[in-house]
Amino acid sequence: MKKRVLLLVMLMVVSLGCLFAQTNATEGKGTEVQVENSSSTGTEEVEAKDLSWIDQFMLENKKENPTNLLVVFVNSKEWAWAILGVLVIALLFGAIKTYQLVIKEKINAEKLYLKVRNLVRSNNIKEAISVANLVKRTTLGQIFRIGLLAFQDSQKSGKKGEKLQDEIQNAFEEASLQTLPKIDNGLSWFDLLAQVSTYLGLLGTIMGLIAAFGGLDGGGGNSQLTDGIQMSMGTTALGLIGAIIISFIKGGLTSVATKLFNDIDEYSIKLMNTIANEIKE
Numbered sequence: 000m001k002k003r004v005l006l007l008v009m010l011m012v013v014s015l016g017c018l019f020a021q022t023n024a025t026e027g028k029g030t031e032v033q034v035e036n037s038s039s040t041g042t043e044e045v046e047a048k049d050l051s052w053i054d055q056f057m058l059e060n061k062k063e064n065p066t067n068l069l070v071v072f073v074n075s076k077e078w079a080w081a082i083l084g085v086l087v088i089a090l091l092f093g094a095i096k097t098y099q100l101v102i103k104e105k106i107n108a109e110k111l112y113l114k115v116r117n118l119v120r121s122n123n124i125k126e127a128i129s130v131a132n133l134v135k136r137t138t139l140g141q142i143f144r145i146g147l148l149a150f151q152d153s154q155k156s157g158k159k160g161e162k163l164q165d166e167i168q169n170a171f172e173e174a175s176l177q178t179l180p181k182i183d184n185g186l187s188w189f190d191l192l193a194q195v196s197t198y199l200g201l202l203g204t205i206m207g208l209i210a211a212f213g214g215l216d217g218g219g220g221n222s223q224l225t226d227g228i229q230m231s232m233g234t235t236a237l238g239l240i241g242a243i244i245i246s247f248i249k250g251g252l253t254s255v256a257t258k259l260f261n262d263i264d265e266y267s268i269k270l271m272n273t274i275a276n277e278i279k280e
């Protein structure tokens, strides 16, 4: 369900970006007509007043600084907005996953384990469960809590020895299967978003080249040829920039998730062994 909602939001943002870009393009054409009309009256001051800040910026930088990112963005037209929409979705999703993995899962795993271990060794299981309850928002806290509750219930039911050890092991394994997938859930979406960003850049490149060669056939001259080539190159660059940023986000989150997996595996096994040793005694 979450994947479908994210895909729907992505499609909506991209569609709105394209629509907004087309609206801006129409307004830009209207501005150009106004500039031409004002030039026919012979007043340069009126021309400057009719130009928006973006038109003024483009007039000053299009030839002198063609690699300026804003110049490239404007030249790429609606494709730039589509790529930006994909990047915004990735940034929002990255912020959500960062909160889940960095803030929500923030815990000193070693300190928690040592505290719970000492309570288990002193046979104070009830207090150990209370400690785990304090951090049950975290994955490790949930696993500790489920395992300790299973240990307590099994003791009350009179299970001993090997049967008790099997109950504890099954409880820890079941808790891990329930909670661990939530850590890296959704990270594969970043691969999809990076690919979409790249594909939009390539599609914009093709459309730009079509427009460029269409200008030659239709007598559009060098101006349309130049605009088409600038759009094709610009969309390629923006698509790759978006994909690179998204890949870095995914790499950082994957690194955090891997560390969490390692800590959870290490300390859940240690606690399980601690409980097993207490059962033997």
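Read in order, the letters of the sequence shown are residues 0 to 280 in numbering that gives the first Met the number 0. Even for Gly, the Cβ is constructed at its ideal location relative to N, Cα and C. A quick note: this is a predicted structure, and the numbers were derived from the prediction, not measured.
Count the other C-beta atoms from every protein chain shown that fall within 10 angstroms of the C-beta of residue i, then say buried if there are 16 or more, exposed otherwise.
i: S254; result: exposed
i: Y266; result: buried
i: K159; result: exposed
i: I263; result: buried
For residue i, which residues from the same chain have a beta carbon less than 6 Å from its beta carbon, with the 5 sequence-adjacent residues on both sides left out?
i: K249; result: F189
i: K96; result: L252
i: I82; result: S196, L199, L237, G238 and G241
i: A79; result: F72 and L237
i: Q141; result: K135 and T178
i: T42; result: Residue confidence for T42 is low, a pLDDT of 42 falling below 50, so the modelled location carries little weight and cannot support an answer.
Which residue comes first and which comes last in the alpha helix (DSSP H) that contains residue i?
i: N107; result: It is not in any alpha helix (DSSP H) - N107 carries neither H nor E in the DSSP assignment.
i: I142; result: T138 to K155
i: I124; result: I124 to L133
i: I82; result: E77 to T97
i: V101; result: V101 -> no alpha helix (DSSP H), and no H or E assigned at all.
i: N74; result: L68 to N74
i: N169; result: G160 to T178
Hey, residue i and residue j: beta-carbon distance below 8 Å or not?
i: S153; j: I167; result: yes
i: V119; j: E277; result: yes
i: A242; j: T197; result: yes
i: A174; j: I128; result: no
i: L259; j: E104; result: yes
i: I245; j: L111; result: no
In chain order, what residues of the same chain have a beta carbon less than 8 Å from the beta carbon of residue i, not counting five sequence neighbours either side?
i: I228; result: G207, L208 and A211
i: A94; result: none
i: V115; result: A127, V130, A131, F143, L147 and L270
i: L186; result: K96, K249, L252, T253 and A256
What does a CB cutoff of less than 7 Å around residue i pick up in its chain, not counting 5 residues either side in sequence?
i: D165; result: none
i: T288; result: Residue 288 lies beyond the stretch modelled for the chain, which goes from 0 to 280, so this question has no answer here.
i: L147; result: I124, A127, I128 and A131
i: V101; result: V255
i: S75; result: G203, M230, G233, T234 and L237
i: L192; result: V85, I88, A89 and I245
Could you tell me the distance, in whole angstroms, from the CA atom of residue i to the CA atom of residue j?
i: F171; j: N67; result: 56 Å
i: Q194; j: I88; result: 13 Å
i: L91; j: T137; result: 22 Å
i: L139; j: Q177; result: 12 Å
i: Q151; j: N117; result: 16 Å
i: L133; j: E161; result: 30 Å
i: N184; j: A275; result: 32 Å
i: N122; j: P180; result: 32 Å
i: L113; j: I106; result: 13 Å
i: F247; j: N221; result: 39 Å
i: A149; j: L163; result: 9 Å
i: N169; j: I182; result: 21 Å
i: Q99; j: T225; result: 47 Å
i: T273; j: L201; result: 57 Å
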